[in-house]
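> Letter by letter, the sequence shown follows residues 49 to 284 in our numbering.
We put the beta carbon where it would ideally sit given N, CA and C, even for glycine.
Next up is a structure, given as structure tokens.
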Amino acid sequence: MNLPQHIAVIMDGNGRWAKKRLMPRMMGHRKGSENLKKLINDCDRLGLEHITFYAFSTENWKRSQEEVKNLMDLLREYLNDHIKNEKDNNFKIDFIGDMSRLDEDIREKMIIVRQLYSTHKGIFVHIAMNYGSRDEIRRAVVDIANEIKSGELEPDDITEELISQHLDTKNYPDPELLIRTSGEMRLSNFLMWQLAYSEFYFSDKLWPDFRVDDLIEAVNEYNSRDRRFGGRNEVN
Ligand code: FPP
Numbered sequence: 049m050n051l052p053q054h055i056a057v058i059m060d061g062n063g064r065w066a067k068k069r070l071m072p073r074m075m076g077h078r079k080g081s082e083n084l085k086k087l088i089n090d091c092d093r094l095g096l097e098h099i100t101f102y103a104f105s106t107e108n109w110k111r112s113q114e115e116v117k118n119l120m121d122l123l124r125e126y127l128n129d130h131i132k133n134e135k136d137n138n139f140k141i142d143f144i145g146d147m148s149r150l151d152e153d154i155r156e157k158m159i160i161v162r163q164l165y166s167t168h169k170g171i172f173v174h175i176a177m178n179y180g181s182r183d184e185i186r187r188a189v190v191d192i193a194n195e196i197k198s199g200e201l202e203p204d205d206i207t208e209e210l211i212s213q214h215l216d217t218k219n220y221p222d223p224e225l226l227i228r229t230s231g232e233m234r235l236s237n238f239l240m241w242q243l244a245y246s247e248f249y250f251s252d253k254l255w256p257d258f259r260v261d262d263l264i265e266a267v268n269e270y271n272s273r274d275r276r277f278g279g280r281n282e283v284n
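Shown next as structure tokens:
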């Protein structure tokens, strides 16, 4: 199997998973979080280099106060678990998005986890928290504007490469494949710059039910596609 270097995943359908079982939405998120942990280890065994998961968007603050609190508590638990079980995990991990709106204890735990896992040799996991593509591009524009103001840059220095270098994803390649679960076919403000040439794959599985075999199916579909990057394939 020809693996992409980087896969991006929109984990959707936790609420519907819970609703189908007459459970509170939170149970869906909890199952989703357990699935995330399992899938990361399975992807590490597959030999994938990078994977980015959309865990909380800049729009998710509009959900009920209770759901936002539950999701933040789940993130705390997730981070604590990573601190406690560091020795059992082989992957590297970091976070993209605007951390400034997250509670201080969460930000501290993120820094600890990133640091603890930085010497690991396995797959590099990127978790998007309070992430929105438009907000990421806005933050990049502010940074570039400040560099122009201070004389470090000229407007003519602004290339696509320079913009990429000001995004949260600056240190790793763009995803070749995007997977979204639960049958929804939207980008929802996720990695819009980085996904410009990526293949999209939509699975009907709800996120808590999405397994590594489903991811392999997505990769096989990706391998069967004809990627032309706006050019032409010689045989056609
Ligand atoms: C979408 O399902 C999922 C989310 C908004 C949250 C994703 C979070 C997790 C998978 C677990 C938490 C992970 C961490 C790192 C804390 P939805 O609620 O929109 O589902 P629905 O469309 O069926 O209602």
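With a threshold of 7 Å (Cβ to nearest heavy atom), would M233 be considered close to ligand 1?
For this step, residue 233 is matched to residue 185 along the sequence shown. No - ligand 1 has no heavy atom lying nearer than 7 Å to the Cβ of M233.
> Just how far apart, CA to CA, sit R111 and I88?
For the purposes of this step, residue 111 is taken as the residue at position 63 of the sequence shown. For the purposes of this step, residue 88 is taken as the residue at position 40 of the sequence shown. About 27 Å.
> Helix, strand or coil, according to DSSP, for A244 in the structure here?
By one-based count along the sequence shown, residue 244 stands at place 196. Note: A244 maps to coil in three-state DSSP.
> Helix, strand or coil, according to DSSP, for K169 in the structure here?
If you number the sequence shown from 1, residue 169 lands on position 121. Three-state DSSP puts K169 in coil, outside helix and strand.
> Can you give, in chain order, each stretch of the beta strand (DSSP E) that sits fully within the stretch 56-101 and has at least 3 residues?
For the stretch 56-101, not a single whole beta strand (DSSP E) run of length 3 or above is found.
> In angstroms with no decimal places, state the Cα-to-Cα distance between E134 and T100.
In the sequence shown, residue 134 corresponds to position 86, counting from 1. In the sequence shown, residue 100 corresponds to position 52, counting from 1. So the two alpha carbons sit approximately 20 Å from each other.
> Output the boundary residues of the beta strand (DSSP E) element that contains K132.
The residue you call residue 132 lines up with position 84 of the sequence shown. It is not in any beta strand (DSSP E) - K132 instead sits in the alpha helix (DSSP H) that spans Q113 to K132.
> Could you compute how far the alpha carbon of Y245 sits from the alpha carbon of G278?
Here the question's residue 245 lines up with position 197 in the sequence shown. Here the question's residue 278 lines up with position 230 in the sequence shown. Y245 and G278: Cα-Cα distance of roughly 9 Å.
> May I ask you to report which of helix, strand or coil DSSP gives K135?
By one-based count along the sequence shown, residue 135 stands at place 87. Helix, per DSSP.
> Taking 7 Å as the cut-off, does the CB of H77 come closer than this to any heavy atom belonging to ligand 1?
Along the sequence shown, one-based indexing puts residue 77 at 29. True, at least one ligand heavy atom lies under 7 Å from that Cβ.
> What does a CB cutoff of less than 7 Å around M75 pick up in its chain, not counting 5 residues either side in sequence?
What you label residue 75 is simply residue 27 of the sequence shown in a count that begins at 1. Once the five neighbours on either side are set aside, the close Cβ partners of M75 are A66.
> Following the continuous beta strand (DSSP E) through K110, name the residue where it begins and the one where it ends.
Here residue 110 refers to the residue found at position 62 when the sequence shown is read from its first residue. No beta strand (DSSP E) contains K110, which DSSP labels as neither H nor E.
> Rounded to whole angstroms, what is the Cα-Cα separation between I264 and D151?
The residue given as residue 264 occupies position 216 in the sequence shown. The residue given as residue 151 occupies position 103 in the sequence shown. Between I264 and D151, the C-alpha separation is close to 36 Å.
> Are D216 and E247 close, meaning C-beta to C-beta below 8 Å?
For the purposes of this step, residue 216 is taken as the residue at position 168 of the sequence shown. For the purposes of this step, residue 247 is taken as the residue at position 199 of the sequence shown. No, the Cβ-Cβ distance between D216 and E247 is not below 8 Å.
> Are the Cβ atoms of A103 and L243 separated by less than 8 Å?
Here the question's residue 103 lines up with position 55 in the sequence shown. Here the question's residue 243 lines up with position 195 in the sequence shown. For A103 and L243, no; Cβs fall outside 8 Å.
> Given R64, which residues of its chain have a CB within under 8 Å of its CB, disregarding the five upstream and five downstream residues?
In the sequence shown, the residue the question calls residue 64 occupies position 16. For R64, where only same-chain residues beyond five positions count, the Cβ hits under 8 Å are G76, S230 and L254.
> For ligand 1, I want to know if W255 counts as a neighbour, meaning its beta carbon is within less than 7 Å of at least one of the ligand's heavy atoms.
The sequence position of residue 255 within the sequence shown is 207, counting from 1. Answer for W255: yes, Cβ within range of ligand 1.
> What is the C-beta distance between I160 and I196, in whole angstroms, given that I count them as a contact (C-beta under 8 Å)?
Position 112 of the sequence shown, counted from the start, is the residue given in the question as residue 160. Position 148 of the sequence shown, counted from the start, is the residue given in the question as residue 196. The Cβ separation is near 35 Å, so there is no contact.
> Quick one: using the 10 Å Cβ neighbour count with 16 as the cut-off for buried, is S181 buried or exposed?
Position 133 of the sequence shown, counted from the start, is the residue given in the question as residue 181. Under this definition S181 is a buried residue.
> Quick one: give me the first and last residue of the beta strand (DSSP E) that I141 is part of.
Here residue 141 is taken as the residue at index 93 of the sequence shown, counted from 1. Here the beta strand (DSSP E) through I141 covers K140 to I144.
> Just the C-alpha distance for N108 and L122, rounded to the nearest angstrom, thanks.
As a working mapping, residue 108 is identified with position 60 in the sequence shown. As a working mapping, residue 122 is identified with position 74 in the sequence shown. Distance between the alpha carbons of N108 and L122: 14 Å.
> Per DSSP, which residues does F104 bridge with? Please list them.
Within the sequence shown, numbered from 1, the residue matching residue 104 stands at position 56. In DSSP, F104 forms a bridge with M177.
> Are the beta-carbon atoms belonging to D146 and N194 less than 8 Å from one another?
Indexing the sequence shown from 1 puts residue 146 at position 98. Indexing the sequence shown from 1 puts residue 194 at position 146. No; because the gap between Cβ atoms is not below 8 Å, this pair is not in contact.
> Just checking my contact of F143 with I175 at CB under 8 Å: how many whole Å lie between their CB atoms?
In the sequence shown, the residue the question calls residue 143 occupies position 95. In the sequence shown, the residue the question calls residue 175 occupies position 127. Right, their Cβ atoms sit about 5 Å apart.
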